[in-house]
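Enquirer: Heads up: the sequence shown begins at 9 in the numbering used here, then just goes up one per residue. My questions will all concern the structure given below.
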Amino acid sequence: MDLRKVLFIALLVSSFFTYSIVPNDEYYKLADTQISQLSSELKEIESSLKLNPNNEVVIKLKSNLEKEIKLIKQRVKLFKKLERSGLIMYSNSQNSEQETPKK
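This is the structure we're talking about:
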């Protein structure tokens with residue numbers, strides 16, 4: 009058998025089980041959605057504080073929302089840094105041809 013045919017068949021068989029490594033874009037979209045939702049809640053709380061600036065519960069809630077937004081942003085930044093370093097990867101079992109634009 010020709011060496012090219014053997015290599016082609018081996019490549020064809022092994023490509024059936026391949027996975028592409030992709031960034032976790034869905035997680036980042038979810039994080040952006042969470043940040044948007046928390047920001048809108050934060051705006052509502054700030055308007056509530058204008059009416060009653062001495063309400064300790066609302067002040068604590070505002071502080072917690074600000075901390076949560078900060079933590080989400082830090083986590084996304086960390087995940088992106090780890091992806092760039094190659095320390096974490098997310099596998100996608102879909103065919104890589106579907107994700108690659110045709111030339």
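Don't be surprised by glycine CBs; every beta carbon is placed ideally from N, CA and C.
For Ile-80 and Gln-42, which I take to be in contact (beta-carbon distance under 8 Å), what is that distance rounded to the nearest angstrom?
Expert: Residue numbering aside, residue 80 sits at position 72 when the sequence shown is read from its first letter. Residue numbering aside, residue 42 sits at position 34 when the sequence shown is read from its first letter. With a Cβ gap of about 6 Å, Ile-80 and Gln-42 count as contacting.
Enquirer: In angstroms with no decimal places, state the Cα-to-Cα distance between Asn-72 and Ser-93.
Expert: Taking the sequence shown and counting its residues from 1, the one referred to as residue 72 is at position 64. Taking the sequence shown and counting its residues from 1, the one referred to as residue 93 is at position 85. Roughly 31 Å separates the two Cα atoms.
Enquirer: So Val-50 packs on Lys-70, CB below 8 Å; how close in whole Å?
Expert: Here residue 50 is taken as the residue at index 42 of the sequence shown, counted from 1. Here residue 70 is taken as the residue at index 62 of the sequence shown, counted from 1. Note that residue 50 is Leu in the sequence shown here, rather than Val. Sure, about 7 Å apart at Cβ, within 8 Å.
Enquirer: For Glu-107, count neighbouring C-beta atoms within 10 Å of its own C-beta (all shown protein chains included) and say buried if the count is 16 or more, exposed if not.
Expert: Within the sequence shown, the letter at position 99 stands for residue 107. Only weak support is given to the placement of Glu-107: the predicted model assigns it a pLDDT of 49, under 50, and the value that follows is read from those uncertain coordinates. Flag for Glu-107 reads exposed.
Enquirer: In whole angstroms, give me the CA-to-CA distance for Arg-83 and Tyr-35.
Expert: As a working note, residue 83 is residue 75 in the sequence shown. As a working note, residue 35 is residue 27 in the sequence shown. Spanning the two alpha carbons is a distance of roughly 11 Å.
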